[in-house]
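Contents: one structure, followed by commentary.
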Amino acid sequence: MIATESLSKRFPRVTALDRLSLDIGPGVTGLVGANGAGKSTMIKILLGLSPATEGRAEVLGLDVATSGPQIRERVGYMPEHDCLPPDVSATEFVVHMARMSGLPATAARERTADTLRHVGLYEERYRPMGGYSTGMKQRVKLAQALVHDPQLVLLDEPTNGLDPVGRDDMLGLIRRVWTDFGISVLVTSHLLGELERTCDHVVVIDGGRLLRSSSTSDFTRSTTTLAVEVTDSDAHPDGTEALRAALTAAGVALHPGVEDGLPGAGHILLLEASGEETYDLVRDTVAGLGLGLVRMEQRRHHIAEVFTTQQQEEVPAR
Amino acid sequence: MSTQAPGPVQAPEDSRIHNIGYRSYDGPRLGRAAARQALFSQSLRGAYGLGRSAKSKVLPMLLFAVMCVPALIIVAVAVVTKASKLSIEYTQYAVFLQMVIAIYVASQAPQSVSRDLRFRTVPLYFARPIERADYVLAKYGAMASALFLLTASPLLILWIGSLLAKMDFWEQTQMFGQGLVSVALLSLLFGGIGLVMAALTPRRGFGVAAVIAVLVISYGAVTTLQGIAYGTENVGAVKWIGLFSPITLIGGVQDAFLGAPTQAPGGEAAATGTAAGVVHLLVVLALIAGSYAVLMRRYRKVGL
């Protein structure tokens, strides 16, 4: 779908992309990076709107430097920022955008009705968009990116500004774009955790450089951190300590430190989960000690965490 | 808020709503030219409030009516009195009603370009098959066409009226043609100036004020200066002062080449003449080309 080869973009003062080589196949791919990591620059180059300083990029097998219009006919783009005129209805707006992609008038109307229904906009699509909630606006923005039935959509921070429920809805919708509609997705975010659930493949960039590119399952397996909290019992007045000793004896890697700033942080054990076995082991150990298991959960990853593992492992960029 | 249908209701087997699923599109994709065409017609319709709210139709339609009513009255008078010539020249009409044209430009140019900038719809356009030049050409073309409709319609009324009043066909047609050339130039010039002003000011209100300032205040200043020049017996300077306001520029061009009577103070003595006329025409063309260039430049950075 997307292939870049030592792609660089330098502005007079900053290097937005630094010799980035990527090969992204069909499916849902997450592009993760902090603000200013080069995600938006990357999208601009992929749409053929901004020339790369050096290196080359191909989208759908077309060179971005020479085939911009052809690429943009087959690719959808959902910007990060607001882009909807408030005095127009969703239907009118999406029809116009479909026509701007080169669809004939009747096809544009049919596709608009279909697409708006798929993203979950019903009666309200005839009302001016100024009165829409953030969630509805995000749906319209997604609809205008999908209306011309592209082969690939580029979604720039689609969950921005949504509440947790809206976020989950949007992520579910993005997943369906691939599973039900068969359209490949490149979605950017600065939250690795939310992309893990949605994407088949995650690419992490920082300062314009590739930090890591791997399938989501690799990601989860190699870096999952488990947080475990247990009750105390008469036999073990300090349940946490007892569990720590038992797990260390069983050969589980425990994080030495404790989480700061959280209530009850001292009672939470953080450990590396190397797979299914770890979960079973923790469960059995806790049961064996006769303690009550208060919680056992995966900790969300922060990008910083990937950075530290990167430095330790020096994973070869592919 | 999700508006998903409520949970399953016990429904008979045959009345269930089927999700027909996603259908892909295999039909034609008309590409760049069609997209530019779509943007042009959307903008042209928008300039008369078509496809927009009822409220936004009021002003352009009202101004269109205001442009046409005097022509209807002139024609009615000419037909009833069986006059041998219309009481106004084709080329004078737009100059007399320039205030209406200025208000039209001031109200519609910002709605055409400032809205896209302000609501940041422009990146969506550039993420589609069109290029920057297509966007600028479509917007400029639509604005100039809307202005041409506004300024040429009353001329058409006058011409039809002159034929109804059985005036000389060839003479009237020739003058009508000259009038059309003049308003075509005027449409391009005013459209360009209006769009440049509006594109440089994302806030619509400022856009309106800027357009009014350039079109109307410059005219006021120029006529004042011309009056002073005439009063101080510098009749020769009058035509050159006319270079500094859009409407007097057009006046100079049509006065030199399109058989229009001079509008400037001083009458025949201040007539533009061929040499100054060429200068006026060149300035008009340079302004039109300049407007296009400024718009192209303006949209270079707005890409995404």
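Going down the list, the protein sequences come from chains C and V. The working numbering applies: residue 1 is where the first sequence begins, and numbers increase by one. The working numbering applies: residue 1 is where the second sequence begins, and numbers increase by one. Yeah, the Cβ is synthetic: ideal placement off N, Cα and C, and Gly gets one too.
Separation of residue j from residue i, as counted between CA atoms
i	j	result
Val211 (chain V)	Ala199 (chain V)	11 Å
Ala65 (chain C)	Ile24 (chain C)	18 Å
Phe40 (chain V)	Leu124 (chain V)	16 Å
Ala65 (chain V)	Ala275 (chain V)	38 Å
Gly207 (chain V)	Ile43 (chain C)	32 Å
Ala275 (chain C)	Ile71 (chain C)	The question names Ala, but residue 275 (chain C) is Gly in the sequence shown. Gly275 (chain C) and Ile71 (chain C): Cα-Cα distance of roughly 41 Å.
Thr112 (chain C)	Asp63 (chain C)	29 Å
Gly191 (chain V)	Met143 (chain V)	6 Å
Thr278 (chain C)	Gly102 (chain C)	54 Å
Glu110 (chain C)	Gly208 (chain C)	41 Å
Thr248 (chain C)	Arg175 (chain C)	39 Å
Ser53 (chain V)	Thr15 (chain C)	46 Å
Gly231 (chain V)	Val95 (chain V)	23 Å
Val77 (chain V)	Met167 (chain V)	13 Å
Asp147 (chain V)	Glu73 (chain C)	Checking the sequence, you will find Leu at residue 147 (chain V) rather than Asp. Answer to the nearest angstrom: the Cα atoms are 32 Å apart.
Asp260 (chain C)	Ala273 (chain C)	Caution is warranted here: a pLDDT of 49 is assigned to Asp260 (chain C), below 50, making its placement in the model unreliable, and the coordinate value is therefore given only provisionally. The straight-line gap from Cα to Cα measures roughly 21 Å.
Leu163 (chain V)	Gln108 (chain V)	33 Å
Val177 (chain C)	Met296 (chain V)	36 Å
Leu285 (chain V)	Tyr292 (chain V)	11 Å
Phe244 (chain V)	Pro150 (chain C)	51 Å
Gly161 (chain V)	Ala83 (chain V)	11 Å
Leu180 (chain V)	Thr262 (chain V)	18 Å
Glu233 (chain V)	Leu282 (chain V)	27 Å
Arg115 (chain V)	Ala184 (chain V)	26 Å
Val122 (chain V)	Ala71 (chain V)	39 Å
Gly290 (chain C)	Gly239 (chain C)	9 Å
Ala141 (chain C)	Leu62 (chain V)	The amino acid occupying residue 141 (chain C) in the given sequence is Lys; Ala does not appear at that position. One C-alpha to the other measures close to 35 Å.
Asn35 (chain C)	Gly288 (chain C)	46 Å
Thr4 (chain C)	Ala57 (chain C)	4 Å
Glu80 (chain C)	Ile157 (chain V)	50 Å
Gly55 (chain C)	Met136 (chain C)	39 Å
Tyr238 (chain V)	Ile74 (chain V)	Note that residue 238 (chain V) corresponds to Val in the displayed sequence, not to Tyr. So the alpha carbons of these two residues sit roughly 30 Å apart.
Ala38 (chain V)	Leu271 (chain C)	59 Å
Own chain, CB closer than 6 Å to residue i, minus 5 neighbours either side, in chain order
i	result
Thr53 (chain C)	Ser8, Lys9 and Arg10
Leu188 (chain V)	Ala144 and Ile288
Arg132 (chain V)	Tyr299
Tyr219 (chain V)	Ser245 and Ile247
CB contact flag (residue i, residue j, <8 Å)
i	j	result
Val204 (chain C)	Ile268 (chain C)	no
Leu195 (chain C)	Val32 (chain C)	yes
Ile280 (chain V)	Gly236 (chain V)	In the sequence as presented, Ile is not what sits at residue 280 (chain V); that position holds His. It is not a contact, given that the beta carbons lie outside the stated cut-off.
Gln111 (chain V)	Gly194 (chain V)	no
Met129 (chain C)	Leu84 (chain C)	yes
Arg230 (chain C)	Gly292 (chain C)	Before going further, note that residue 230 (chain C) is Val rather than Arg in the sequence given. Yes; because the gap between Cβ atoms is below 8 Å, this pair is in contact.
Ile2 (chain C)	Val59 (chain C)	yes
Arg120 (chain V)	Asp82 (chain C)	yes
Leu210 (chain C)	Leu22 (chain C)	yes
Asp134 (chain V)	Arg32 (chain V)	yes
Gly76 (chain C)	Val153 (chain C)	yes
Gly21 (chain V)	Asp169 (chain C)	no
Near the ligand COA: residue i beta-carbon under 7 Å from a heavy atom
i	result
Pro154 (chain V)	Looking at this structure, you won't find the ligand COA or any other ligand, since it has none at all.
Closer than 8 Å to chain D by CB, residue i
i	result
Gln144 (chain C)	This model lacks chain D altogether; the protein chains it does include are C and V.
Residues of its chain near residue i, where Cβ-Cβ distance is below 7 Å and the 5 sequence neighbours each way are ignored
i	result
Ser189 (chain C)	Gly30, Val32, Glu157, Thr159 and Leu195
Ile241 (chain V)	Val222, Leu225, Gln226 and Ala229
Lys139 (chain V)	Ser43, Ser112, Val113 and Leu195
Arg244 (chain C)	Leu254 and Leu269
Thr3 (chain V)	In this predicted model, Thr3 (chain V) has a pLDDT of only 48, less than 50, meaning its place in the structure is not dependable; the value taken from the coordinates is given anyway. Excluding sequence neighbours, Thr3 (chain V) sits near nothing in its chain.
Ser184 (chain C)	Met1, Pro26, Gly27, Gln151, Leu152 and Trp178
Ala246 (chain C)	Thr285 and Leu289
Assumed close pair residue i, residue j - CB separation to whole angstroms, cut-off 8 Å
i	j	result
Pro154 (chain V)	Tyr93 (chain V)	6 Å
Val320 (chain C)	Leu49 (chain C)	The question about residue 320 (chain C) has no answer here: the residues shown for chain C are numbered 1 through 318.
Arg118 (chain V)	Pro60 (chain V)	With 8 Å as the limit, Arg118 (chain V) and Pro60 (chain V) do not qualify as a contact, their Cβ atoms being about 20 Å apart.
Ala102 (chain V)	Val216 (chain V)	5 Å
Leu150 (chain V)	Met99 (chain V)	Actually they do not touch by this definition, with Cβ atoms about 13 Å apart.
Ala35 (chain V)	Ile130 (chain V)	5 Å
Contacts around residue i, its chain only, beta-carbon distance under 8 Å, and the 5 residues preceding and following it disregarded
i	result
Val278 (chain V)	Ala256
Tyr61 (chain C)	Checking the displayed sequence, the identity of residue 61 (chain C) turns out to be Gly instead of Tyr. If we look at Gly61 (chain C) and ignore the five residues flanking it on each side, it has no Cβ neighbours.
Thr91 (chain C)	Thr112, Ala113, Leu116, Arg125 and Tyr126
Glu171 (chain V)	none
Ala260 (chain V)	Glu89, Thr91, Gln92, Gln178, Ser182, Gly251 and Gln254
Arg167 (chain C)	Thr159 and Glu194
Gly251 (chain C)	none
| request: Could I get the ranges of all uninterrupted beta strand (DSSP E) runs contained in the stretch 154-204 of chain C, with 3 residues as the minimum, in chain order? | output: 184-189
| message | At 4 residues or longer, what runs of the alpha helix (DSSP H) sit wholly inside the stretch 10-70 of chain C? | response | 39-46
* Could I get the ranges of all uninterrupted alpha helix (DSSP H) runs contained in the stretch 114-173 of chain V, with 4 residues as the minimum, in chain order? => 115-118, 122-126 and 132-164
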